[in-house]
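**Q** In our numbering, the protein residues as written are 330 to 592.
Think of the CB as a built atom: it goes at the ideal place given N, C-alpha and C, for glycine as much as any other residue.
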Amino acid sequence: MRIVVCVKHVPDAQSERRFEDGRMVRGEDDVLNELDENAVEAAVSLVEEHGGEAIALTMGPEDAEDALMRALQMGADRAVLVTDDRLAGSDVVTTAAVLAAAITRLGEEAPVDLVITGMASLDAMTSMLPAALATRLRLPLLGLAHALDVDPQSGVVEVSRSADGYEDRLRAAAPVVVSITDQLNEPRYPAFAAMKAARSKPLDQWGLDDLASTPGGADLAERIPATRVVEAHENARDGAGTIIADAGDAGVRLAQYLLEVVK
Numbered sequence: 330m331r332i333v334v335c336v337k338h339v340p341d342a343q344s345e346r347r348f349e350d351g352r353m354v355r356g357e358d359d360v361l362n363e364l365d366e367n368a369v370e371a372a373v374s375l376v377e378e379h380g381g382e383a384i385a386l387t388m389g390p391e392d393a394e395d396a397l398m399r400a401l402q403m404g405a406d407r408a409v410l411v412t413d414d415r416l417a418g419s420d421v422v423t424t425a426a427v428l429a430a431a432i433t434r435l436g437e438e439a440p441v442d443l444v445i446t447g448m449a450s451l452d453a454m455t456s457m458l459p460a461a462l463a464t465r466l467r468l469p470l471l472g473l474a475h476a477l478d479v480d481p482q483s484g485v486v487e488v489s490r491s492a493d494g495y496e497d498r499l500r501a502a503a504p505v506v507v508s509i510t511d512q513l514n515e516p517r518y519p520a521f522a523a524m525k526a527a528r529s530k531p532l533d534q535w536g537l538d539d540l541a542s543t544p545g546g547a548d549l550a551e552r553i554p555a556t557r558v559v560e561a562h563e564n565a566r567d568g569a570g571t572i573i574a575d576a577g578d579a580g581v582r583l584a585q586y587l588l589e590v591v592k
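#1: So the beta strand (DSSP E) S491 belongs to, where does it begin and stop?
#2: Quick one: measure Cβ to Cβ for R498 and G472, integer angstroms, because I've assumed they're closer than 8 Å.
#3: Please classify A431 as buried or exposed, where buried requires at least 16 other C-beta atoms within 10 Å of its C-beta.
#4: Ends of the beta strand (DSSP E) at V334?
#5: Indicate the three-state DSSP secondary structure (helix, strand or coil) for T433 in the structure shown.
#6: On the premise that A463 lies in contact with V506, defined as a C-beta separation below 8 Å, what is that separation, rounded to the nearest angstrom?
#7: What does the alpha-carbon distance come out to for the pair L470 and A503?
#8: Where does T412 sit, in a helix, a strand or coil, going by DSSP?
#9: In angstroms with no decimal places, state the Cα-to-Cα distance between L532 and T387.
#10: DSSP state of D538, grouped into three classes?
#11: What is the residue span of the beta strand (DSSP E) that D478 lies within?
#12: Name, in chain order, the residues that DSSP records as bridge partners for A385.
#13: If you draw a straight line from the C-alpha of C335 to the C-alpha of I384, how long is it?
#14: What does the Cβ neighbour count give for G580, buried or exposed, with the cut at 16 atoms within 10 Å?
#15: On the premise that L364 lies in contact with G447, defined as a C-beta separation below 8 Å, what is that separation, rounded to the nearest angstrom?
#16: Our contact map puts D442 next to M330 with C-beta atoms below 8 Å; I'd like the distance itself, whole angstroms only.
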């Protein structure tokens, strides 16, 4: 099996975030998106079970290599970073177009059987990329899977997901895009030997010009930037807040405060 797992380099949720010119400053305490660790684990586990290759793919600034290095440490065989100054400020539609072009180029080397993504990135939290990517690739989408079964011989991919009070079992023929939830697995913590081995694995860096020969690749540069920040300002807290000391009736006083002040 040949699997591409899409990941993202995001600000650490525990770090102090700051903005400049209306945009979040990237590259300070950034890490591999936590929900993408489940996607990497799924891809690596499938390759360990059935054989093949797991390729980690991301789009971002040059320091997004750190996220790819983490994926390589977790067991991915190869990594690809698409980086270009013209991609700064890209929205989800442009991101999906760029990733699709990169996957298409990888598919020209050898067929890609499966594309796996996490359920969301912890910076934007739109959860829109899997659907946009599947649309761009013209592939079926099996979304929000908490169970994943792949039969390499028949080329059938099945997932289980919970949606609107129902437990769904969905099936599609590969190639297919699958987004998974954090319920699917428990990501491995790489041992020192795996961290050392990751340094010798291939990590390619592509720009928009490298994707120009793929279908739709020549038009990517014309889409940038698709979205512009018109105005952005930080919402400052109004006052220091109200502290209610608990003397046995804090719950009642808090309820009164919510009813009378917050409303």
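**A** Once the coordinates are examined:
#1: Position 162 of the sequence shown, counting from 1, holds the residue named residue 491. Counting along the chain, the beta strand (DSSP E) containing S491 begins and ends at V485 to A492.
#2: On the sequence shown, position 169 is the one that residue 498 refers to. On the sequence shown, position 143 is the one that residue 472 refers to. Going by Cβ atoms, the distance from R498 to G472 rounds to 13 Å, so no, they are not a contact pair.
#3: The count along the sequence shown starts at 1 and reaches residue 431 at position 102. It is buried - the Cβ of A431 has at least 16 other Cβ atoms within 10 Å.
#4: Position 5 of the sequence shown, counting from 1, holds the residue named residue 334. It spans R331 to C335 - the beta strand (DSSP E) in which V334 sits, taken as one unbroken run.
#5: For the purposes of this step, residue 433 is taken as the residue at position 104 of the sequence shown. The answer is helix: DSSP assigns T433 an H, G or I state.
#6: Here residue 506 is taken as the residue at index 177 of the sequence shown, counted from 1. Here residue 463 is taken as the residue at index 134 of the sequence shown, counted from 1. At roughly 4 Å, the Cβ-Cβ gap stays under 8 Å, so V506 and A463 are in contact.
#7: The residue given as residue 470 occupies position 141 in the sequence shown. The residue given as residue 503 occupies position 174 in the sequence shown. So the alpha carbons of these two residues sit roughly 10 Å apart.
#8: Along the sequence shown, one-based indexing puts residue 412 at 83. Residue state, collapsed to three classes: coil.
#9: Here the question's residue 532 lines up with position 203 in the sequence shown. Here the question's residue 387 lines up with position 58 in the sequence shown. If you draw a straight line from the Cα of L532 to the Cα of T387, it is about 11 Å long.
#10: In the sequence shown, residue 538 corresponds to position 209, counting from 1. Looking at D538 - three-state DSSP - the assignment turns out to be helix.
#11: Locating residue 478 in the sequence shown gives position 149, where the first residue counts as 1. Secondary structure note for D478: its beta strand (DSSP E) is the uninterrupted segment A476 to D480.
#12: As a working note, residue 385 is residue 56 in the sequence shown. The secondary-structure analysis by DSSP pairs A385 across a beta bridge with V334 and A408.
#13: Against the sequence shown, residue 335 aligns to sequence position 6. Against the sequence shown, residue 384 aligns to sequence position 55. In a straight line, the C-alpha of C335 is about 8 Å away from that of I384.
#14: As a working note, residue 580 is residue 251 in the sequence shown. Counting Cβ neighbours within 10 Å, G580 comes out exposed, since fewer than 16 surround it.
#15: Locating residue 447 in the sequence shown gives position 118, where the first residue counts as 1. Locating residue 364 in the sequence shown gives position 35, where the first residue counts as 1. Right, their Cβ atoms sit about 4 Å apart.
#16: Against the sequence shown, residue 442 aligns to sequence position 113. Against the sequence shown, residue 330 aligns to sequence position 1. About 5 Å separates the two Cβ atoms, so the contact holds.
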